[in-house]
Amino acid sequence: MSRFLALGEIMVELAPAPGGLMRQGFAGDTFNTAWYARRLLPADWGVSYGTVIGEDAISDAMAAFIADEDIGTDALARHPERTVGLYMISLKDGERSFSYWRGQSAAKTLGDDPARLARMLEGRSHIHFSGITLAILAPEARRTFCAALAEAREAGARVSFDTNLRPRLWESADAMRDGLTLGASVADTVLPSFDEEESIFPDATPQDTVTRYADGGATCVVVKNGGAAVTAWSVQEGHVTVTPPKVETVTDSTAAGDSFAAGFLAAHALGASLKEATREAASLASRVIQHPGALAPQLFKGDRT
1 MSRFLALGEI MVELAPAPGG LMRQGFAGDT FNTAWYARRL LPADWGVSYG
51 TVIGEDAISD AMAAFIADED IGTDALARHP ERTVGLYMIS LKDGERSFSY
101 WRGQSAAKTL GDDPARLARM LEGRSHIHFS GITLAILAPE ARRTFCAALA
151 EAREAGARVS FDTNLRPRLW ESADAMRDGL TLGASVADTV LPSFDEEESI
201 FPDATPQDTV TRYADGGATC VVVKNGGAAV TAWSVQEGHV TVTPPKVETV
251 TDSTAAGDSF AAGFLAAHAL GASLKEATRE AASLASRVIQ HPGALAPQLF
301 KGDRT
């Protein structure tokens, strides 16, 4: 059986609700990708989420939510002294802003235990992580985490990396550049966004981004560029470009990149060509951003695996 594992941090989400109340949910970049992947991959695929949570009531509720969404909890670990991170969404004149509380997050210990990591990764055919996954780890744990991924890749797993740049999470700009380069070096597929890449690397064009990650060892690079054409390359198929569907009204772009990653990885894993997989990814992302919130179950009504 094929087994897809996403690794990172899922957080408590507090979003505005009518009457001045806040609605509680759960979301996080790599979890969002796992959520969409579960709905795109066949039922005989295993889809799991790997992270560290606490032993308190909110952690129990988070684990139950993951399981209720048909995502495996076999790679969930518990920390006896920490809990989970939280973010709150604020709305002002239709614009969303975010406040984060991550200091107590158990997910920050994901790379602390090499033996635990090895157990999480064992037997996985596809492994996905992101720049946020790396950014929340201490430098030594970051290296331990990437070494474990390199071993899993050597053993036959396909590893994918969404660079997902969040400068405020990193110790410094140099640490961010080094961390992203390290993460990409242990991945087969790299999924960057050009606007982020050009802000920290000397990339003048999306093709420069492709070349840099290909030179670092990636065998497939798919560069998103907002509403402009997606530039994709693989060792097997060379270069392709795909123009994403035009979206007149963007309701919520929170999970644009996360759903794009799921659309691409699922389609490619099921045998789609590079161009077909990129089209599927762009199509899904264009639909997701027309709905509120990171997760859009309304797109999959009657089609749940």
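In terms of UniProt numbering, the sequence shown is residues 1 to 305. C-beta atoms are modelled at their ideal positions from N, C-alpha and C, and glycine is treated no differently. Predicted model, so just to flag it, every value in this text is computed and none were measured.
Reference residue i, options the options, closest by Cα
| i | options | result |
| --- | --- | --- |
| Thr254 | Gly8, Ala27, Glu9 and Arg23 | Ala27 |
| Ala150 | Ala138, Leu180, Ala184 and Pro167 | Ala184 |
| Ser274 | Ala232, Ala57 and Trp45 | Looking at the sequence provided, one finds Leu at residue 274 rather than Ser. Taking only the C-alpha atoms, the option nearest Leu274 is Ala232. |
| Met1 | Val47, Ala115 and Leu117 | Val47 |
| Glu198 | Glu237, Cys146, Phe31 and Arg212 | Arg212 |
| Ala228 | Gly238, Lys246 and Glu237 | Lys246 |
| Val288 | Lys301, Leu270 and Thr251 | Thr251 |
| Glu237 | Met176, Gly271 and Leu169 | Gly271 |
| Ser286 | Phe65, Gly131, Thr205 and Ala256 | Ala256 |
| Gly54 | Phe145, Leu40, Pro80 and Val222 | Pro80 |
| Leu41 | Met11, Ser172, Leu5 and Arg23 | Leu5 |
| Ile58 | Leu86, Ala138 and Phe145 | Leu86 |
| Ala281 | Gly226, Gln207, Trp101 and Gly293 | Gly226 |
| Arg3 | Glu196, Arg116, Gly111 and Leu121 | Leu121 |
Where the alpha helix (DSSP H) through residue i begins and ends
| i | result |
| --- | --- |
| Trp35 | Asp29 to Leu40 |
| Ser199 | Phe194 to Ile200 |
| Ser283 | Leu274 to Val288 |
| Gly263 | Ala256 to Ala269 |
| Ile127 | Looking at the DSSP string, Ile127 is not in any alpha helix (DSSP H); the run it does join, the beta strand (DSSP E), is His126 to Ser130. |
| Thr181 | Ala173 to Ser185 |
Sub-8 Å separation of residue i and residue j beta-carbons
| i | j | result |
| --- | --- | --- |
| Glu69 | Arg38 | yes |
| Thr109 | Arg143 | no |
| Ala107 | Val52 | yes |
| Thr219 | Val230 | no |
| Thr241 | Phe264 | no |
| Leu7 | Thr163 | no |
| Thr209 | Asp203 | yes |
| Ser125 | Ala157 | yes |
| Leu284 | Tyr36 | yes |
| Ala261 | Thr73 | no |
| Ile89 | Arg96 | yes |
| Ala141 | Ala118 | no |
| Ser76 | Ala61 | For clarity, residue 76 is Leu in the given sequence; the question names Ser instead. No, these two residues do not count as a Cβ contact at 8 Å. |
| Arg177 | Phe161 | no |
| Arg166 | Gly131 | yes |
Buried versus exposed, by CB contacts within 10 Å (16 or more), residue i
| i | result |
| --- | --- |
| Glu13 | buried |
| Ser193 | buried |
| His128 | buried |
| Thr243 | exposed |
| Arg304 | Legend: pLDDT at Arg304 = 48, less than 50; position of this residue unreliable, no value from coordinates given. |
| Pro297 | exposed |
| Thr189 | buried |
| Ser99 | exposed |
| Asp44 | exposed |
| Glu171 | exposed |
| Leu21 | exposed |
| Asp29 | buried |
| His268 | buried |
| Gly103 | exposed |
| Ala152 | buried |
| Leu137 | buried |
| Lys224 | buried |
First through last residue of the beta strand (DSSP E) which encompasses residue i
| i | result |
| --- | --- |
| Val242 | Gly238 to Val242 |
| Phe4 | Arg3 to Leu7 |
| Asp60 | Segment Ala57 to Asp68 is the alpha helix (DSSP H) holding Asp60; no beta strand (DSSP E) there. |
| Arg78 | Leu76 to Arg78 |
| Asp113 | Segment: none, Asp113 is in no beta strand (DSSP E) and carries neither H nor E. |
| Thr211 | Run containing Thr211: none in the beta strand (DSSP E); it sits in the alpha helix (DSSP H), Pro206 to Asp215. |
| Arg158 | Arg158 to Asp162 |
| Thr144 | Here Thr144 belongs to no beta strand (DSSP E); instead the alpha helix (DSSP H) covers Pro139 to Glu154. |
| Leu191 | Thr189 to Leu191 |
| Ala232 | Val230 to Ser234 |
Test: residue i CB closer than 8 Å to a CB of chain C
| i | result |
| --- | --- |
| Gly227 | The structure shown contains no chain C; it is built from a single protein chain. |
Closer than 7 Å: residue i CB and nearest the ligand MG heavy atom
| i | result |
| --- | --- |
| Ser2 | With respect to the ligand MG, the structure offers nothing, as it holds no ligand at all. |
One or two residues paired with residue i in a DSSP bridge
| i | result |
| --- | --- |
| Gln24 | Leu14 |
| Leu86 | Val12 and Trp101 |
| Ile53 | Arg78 |
| Gly72 | Ser48 |
| Leu169 | Answer is none; Leu169 lacks a bridge partner. |
| Gly227 | Asn225 |
| Leu91 | Arg96 |
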